[in-house]
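All the letters of the sequence shown, read from the start, carry residue numbers 128 to 289 under our numbering. Comments concern the structure below.
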Amino acid sequence: MLERYEHKGLQWIDLESPTLDELKELGKQFGIHPTISNELALPSRRPKADLYEDISFLVCFFPQEIDFVICSNVLLTVHYEPIPALDAFRKLLETQTILRRDNFVKNPHTIFTHMVIFLYRSIEESIELIGEELSRAEQAIFNGKERKMVRVLSHLSRKLLD
128 MLERYEHKGL QWIDLESPTL DELKELGKQF GIHPTISNEL ALPSRRPKAD
178 LYEDISFLVC FFPQEIDFVI CSNVLLTVHY EPIPALDAFR KLLETQTILR
228 RDNFVKNPHT IFTHMVIFLY RSIEESIELI GEELSRAEQA IFNGKERKMV
278 RVLSHLSRKL LD
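Set out below in structure tokens:
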């Protein structure tokens with residue numbers, strides 16, 4: 128699925144589970160190095176940052192993987208599952224554009240920066256919720272429910288690692 132945002136010659140293209148043909152077409156259209164197009168076809172195992180001439184390629188986890196390709200007038204994001212925080216960011220971006228806050232969308236780098244800040248804030252909210260669950264589990268332990276809390280703590284541990 129491809130979503131496209133355009134403003135004053137600047138584009139953000141968001142791809143969810145792209146096909147190889149979509150990636151090749153975008154690669155031709157924006158001069159993306161073939162190595163990047165090939166890497167975007169499949170999920171990565173680790174974060175990554177590479178520079179190819181005037182194109183930046185980053186693989187980040189929020190906790191889901193999002194790949195970023197930053198060109199002169201295009202920000203390309205690729206992910207392999209729905210990411211609600213990206214949908215929320217799209218709405219924020221559209222609002223900023225309607226309000227004529229052009230400093231929010233000066234170039235792909237400013238969009239990328241605002242997007243990363245937004246994504247990290249969404250992670251903070253999740254971590255705060257997990258912290259609250261940990262506090263409740265801790266209280267239950269001190270109230271004599273240690274055995275029940277082993278499973279809860281194991282579950283919370285997996286959530287934190289994810």
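Heads up, the beta-carbon is just placed ideally off N, CA and C, and yes, glycines get one too. Everything numeric in this text was worked out from a predicted model, so none of it was measured.
- Residue state for His282 is assigned as helix, using DSSP reduced to three classes.
- Counting along the chain, the unbroken alpha helix (DSSP H) around Gln156 starts and ends at 147 to 157.
- Rounded to whole angstroms, Glu149 and Gln266 show a C-alpha spacing of 52 angstroms.
- Residue range 182 to 188 is occupied by the beta strand (DSSP E) that includes Phe184.
- C-alpha of Ile268 to C-alpha of His241: approximately 41 angstroms in a straight line.
- From the listed residues Gln138, Leu185, Thr162, the smallest Cα separation to Lys175 is found for Leu185.
- Boundaries of the alpha helix (DSSP H) around Ala264: 235 to 269.
- The residues Thr224, Val232, in chain order, have a CB closer than 7 angstroms to that of His134 in the same chain once the five nearest residues on each side in sequence are set aside.
- Bounds of any beta strand (DSSP E) do not take in Ile210, whose DSSP letter is neither H nor E.
- As a beta-bridge residue in DSSP terms, His134 pairs with Leu137.
- In this structure, Tyr207 sits near Glu192, with a CB-CB distance shorter than 8 angstroms.
- In the structure shown, Leu169 falls within a coil segment according to DSSP collapsed to helix, strand and coil.
- If you ignore the 5 residues before and after Ser144, its C-beta comes within less than 6 angstroms of the C-beta of Tyr207, all in its own chain and listed in chain order.
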